[in-house]
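In mature numbering (1 follows the signal peptide of the UniProt record, and there is no 0), the protein residues as written are -24 to -1, 1 to 1091.
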């Protein structure tokens, strides 16, 4: 081809072997010479390309037809001008010719391409292109059952009845060279045509391009003047190297009403289509009588339209997501099976249920359903069928039923000559929508194969994003309990309770490792096979970082994760490229959340604790070695290792996805970052309205707020009082269909009374309910398709006692109930079928969030006698929130600095190093001794604390409390009592007020209160939480509060913590005494609620007397 070498070089995926230069077919030009090439499937998007070289002015260059039926393609040289003549239409005796002026008889190589696009055919010679358009409705080349050989230089002797254009037989024969005959046979990746016969021609007896190993799968062997190359540009664009589909219809190209003309499908879109972000590139939103129509006339002889033309089977796959569905069965795809007197396939959906129907002409009908398809979620769906094997349905690569259902006999299809032609619709036509109604479906990546797919390995490579999950919690003998993977423990590899969640895998560095059985030729073993990339995430704790250690490896075409001293590396081999990324300052003894993500386009990335780290590099690479194990290793490299390279490490909660991180986040397969939270503190009512910043909350029956040990709570009497928290069908709070990552609902709860059938709350129709029935507490949870139930003994939640109740749910791990941080009930199943009937009538009152009652307004409602406080509803499950530090359970970190002992210039503490600068003096304090500062440069220095809550409020995700006894001396302006620098806290006196400022990277909180009485001990508390704000208490009374203001900037500067000095040079040392200072990594309200600190007013009054002062107890 002209410019062939340059194009190959630009692709960057070329291997030249510089073989003998006899690299083309040479035709002698005798009266009988010709070269016969293999069959060409001339479908709607087919193409043919080749290169030629000659000094001859006129000759027949190429010819093919439909075996004498009607249609033909013919390329001629005419006085150095090249012409293409085509007959392809349902209009008889109509042909068209286009010409491109040369000269082309200059004995130089010229490239020729014929490219079909339904009724339009383009003809390109070197850099010049001409087009022709045919009128009519049928643009098939003959019949798709009939393919013919392609002849170059002349034709073999055939009867005129076998030739569609007999004139071609008598054209002058071609003398010259032909090479690189490439067919585009209705699939994205073209194939190389082979010489199968001929007379008076020479192909050089060269077998190089016939060798199966000369090029990788998906690449085409190309002959050049200098030897041979492998053109892999098609693999790069099609990404179909694993399972090339006959038809591949992405939603990325749309022009003049037609979807991607290169797909091979005559596919048009009605109306004004809307394209949005899809799983790979674009997706099509189909709504309001819109549809994709695959032309039934064009494909009338095609397996995609007729199961009886599919002896090897029928498989389709696509990504889909449904919007605004109903409980009524709606049609979303059909090639005729929705009609009782027709045949083909059909796809229906109603809320929760996806159904496929396959029916042949004889009326045999196969049906399969998936009963857990929720709206607003992305699913990859594959339906595969054969008459012998039946129909199977796979969702995200997993079979919905282990066995196919036997077919049922239905009415045979109408096969009369007058029967109407059928089309294939995605969406539904006007008449179909009128009968079945239409919701909204978003579609992407449609594929079709004329075969039945049976193996799990093959099915998982058809476009699904498969997920492997290793929770490291269970083992059977020497194998981990893992779905879809065989995971074997070797040597002393073991599970341990030293974990992030449950148990973790521990490798001791003495030859311990885990092998995961995984076939060659799949994404993880050969990253060039990754359609969407891959991602590995895991919790990991390093125990020894000296030297080089390997943590995971999949082989010479895969990935490796390893460390060298305190640097962590990941590398990926992809074709002839080596990607590498690394980060430093890794520490032993800490849990890290590690993510390695790769995509062929975006490259390699590494995340630690959800933060992008390192800078990836890419370099050329030659794959060396022939390691062919069907395994992936955890704790070992695929290549030879010395004994010192085995890691000493703990690994927990490993997820492996066949897609990169960005794709997984977009389709909501994984959750990253802090989930949304709705908080109901019940601190204020205006009339019968409960104050909330974003939700209208109405009370009924005149309930009141009551005081509990922290703040206020809402008390309901169990007669007619209840709270309506409104309806929320468009978010996880009011519709569990929209909780792909689960939820956590926590609350302080006191049951005032337990009567049979008493309902305490209900969040929605697809939500959570809590009631007392037959002496037990029942927690029920429903989506549109599944239901979970957990039963709790009545002794667990006794009447009249405050309990901290947590209800957590995840669609894959089920429902769990906690009481005061103790697991009391669970339903860890995948739920039971709860799909509503097609005649179900939706009532809005069932879909509201109620406290103190259930869904039923007209039936057996028993209002709940209950008191609620501090309800929090997270859009994520409890395990995720705990592992990533968004919630804290158990005793928070705390430090008590009692000021009782100074050793030289160091204040003694068992955990903190505190310098006592300027020789502060000890005086009698509230308990033991206190420290007195006298304005003369005396202060305490706790050192730099950037990475802990003490010095950086961004680290205080669960709040902060500083409490101390303080006796203030003389006041002077700008005296600083506490300071931790930029991004922390400060307390200073100025102009008769104490000023308290808390700052993190997002907000700033400020309180000012009048100066307390001098020379008197005061108990001062500074309590802060990023969600609830800053509070200041003096002597157990709230004296100041701030909700904060936005303050979004980068925080730099000093982060040393001082008592008695400013964090910068601006400010004065104060005159005061301090005793019994306590720091908690939690806010005051929660510490009081969980009894970690005591702020009872009677006890506090006792603390102010000289008799009771030693009753202070730090729990």
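All C-beta atoms in this analysis are idealised placements derived from N, C-alpha and C, irrespective of residue type, glycine included.
Predicted, not measured: the structure shown is a model, and the values here were computed from it.
Local conformation of residue 409 per DSSP, three classes: helix
So, are the CB atoms of residue 521 and residue 542 less than 8 Å apart? yes
For residue 87, which of 74, 71, 155 and 174 has the nearest alpha-carbon? 155
Out of curiosity, what's the CA-to-CA distance linking residue 375 and residue 368? 7 Å
Limits of the unbroken alpha helix (DSSP H) element including residue 241: No alpha helix (DSSP H) contains residue 241, which DSSP labels as neither H nor E.
Kindly identify the DSSP beta-bridge partner or partners of residue 892. 916
DSSP three-state label for residue 217, please. Only weak support exists for where residue 217 lies, its pLDDT of 37 falling under 50; the value from the coordinates is given anyway. In this structure, residue 217 counts as coil in the three-state DSSP scheme.
Can you check DSSP and say which residues form a bridge with residue 384? 341
Distance check for residue 236 and residue 281, CA to CA, integer angstroms please. 19 Å
Limits of the unbroken beta strand (DSSP E) element including residue 4: 1 to 4
Give me the Cα-Cα distance between residue 477 and residue 620, rounded to the nearest whole angstrom. 29 Å
Outcome for residue 397 when other beta-carbon atoms lying within 10 angstroms are tallied against a minimum of 16: exposed
Closer than 7 Å by C-beta to residue 326: which residues in its own chain qualify, once you throw out the five before and the five after it? Chain order, please. 301, 302, 303, 304, 305, 306 and 814
Whole angstroms are fine: how far does the CA of residue 252 sit from the CA of residue 455? 44 Å
Excluding the 5 residues preceding and the 5 following residue 687 in the sequence, name in chain order all residues of the same chain whose CB lies nearer than 6 Å to its CB. 659
Do residue 942 and residue 882 have their beta-carbon atoms positioned less than 8 Å apart in this structure? no
By the DSSP assignment, the alpha helix (DSSP H) with residue 858 in it spans what residues? 854 to 859
Opening and closing residue of the beta strand (DSSP E) in which residue 594 lies: 593 to 596
Member of 485, 527, 531 and 525 whose CA lies at the smallest distance from the CA of residue 494: 531
Roughly how many whole angstroms lie between the Cα atoms of residue 247 and residue 312? 22 Å
Going by C-alpha to C-alpha distance, which of 930, 738 and 1058 sits closest to residue 867? 1058
Within 8 Å, strictly: CB atoms of residue 507 and residue 546: no
If residue 999 sits next to residue 937, beta carbons under 8 Å apart, how far is it from one beta carbon to the other, in whole angstroms? 5 Å
Paired residues, beta bridge with residue 105 - DSSP: 100
Taking the C-alpha atoms as reference points, what is the distance between residue 985 and residue 962? 14 Å
With a 10 Å radius around its C-beta and 16 neighbouring C-beta atoms as the bar for buried, classify residue 577 as buried or exposed. exposed
With burial defined as no fewer than 16 other Cβ atoms inside 10 Å of the residue's Cβ, what is the status of residue 38: buried or exposed? buried
For a quick check, are the C-beta atoms of residue 75 and residue 57 less than 8 Å apart? yes
Where in the stretch 779 to 821 do unbroken runs of the beta strand (DSSP E), each at least 3 residues long, occur, reported from the N-terminal end onward? 790 to 795 and 798 to 803
Report, in whole angstroms, the separation of the C-beta atoms of residue 354 and residue 41, which I expect to be a contact under 8 Å. In fact, because the Cβ distance is near 46 Å, the residues do not count as touching under 8 Å.
Would you mind reading off the limits of the beta strand (DSSP E) that contains residue 288? Looking at the DSSP string, residue 288 is not in any beta strand (DSSP E), and its letter there is neither H nor E.
Assigned secondary structure, residue 1072 (DSSP; H/G/I helix, E/B strand, else coil): coil
Cut-off 6 Å between Cβ atoms - residues of its own chain near residue 336, not counting five sequence neighbours on either side: 283, 284 and 319
Between 567, 561, 607 and 556, which lies nearest to residue 594 when the distance is taken from Cα to Cα? 556
Measuring CA to CA, which of 787, 810 and 817 is closest to residue 804? 787
With 16 as the cutoff for other CB atoms within 10 Å, does residue 245 come out buried or exposed? buried
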